[in-house]
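A quick write-up on the structure given underneath.
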Amino acid sequence: MARLKVTQVRSGIGTKHNQRESLRSLGLKRINDVVVKEDRPEIRGMIFTVSHLVKVEEVD
């Protein structure tokens, strides 16, 4: 299964509550944090919610 490398590039300060919660659920706590997640619809939804705060790359 494909995997996604998600990097937080902007702060969650001043964003809506659901966006901050999506960052936490993804495991991102601060700028430049990186997590690798499986490419699933639930993860894609969280990434879509915070797409302006993160950078996403596909990883094998």
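Heads up: the sequence shown begins at 1 in UniProt numbering, then just goes up one per residue. The C-beta atom is built at its ideal place from N, Cα and C for all residues, glycine as well. Fair warning: this is a prediction, and the values are worked out from it, not measured in the lab.
query                                                                                         : result
Nearest candidate by alpha-carbon position, reference Ser51, set Val35, Ser22, Arg3 and Asp39 : Ser22
Start and end residues, beta strand (DSSP E) containing Arg3                                  : Arg3 to Gln8
Ile43 vs Leu26 beta-carbon contact at 9 Å                                                     : yes
Where Met46 falls, given that 16 or more other Cβ within 10 Å makes a residue buried          : buried
Segment limits, alpha helix (DSSP H) that includes Ser22                                      : His17 to Leu26
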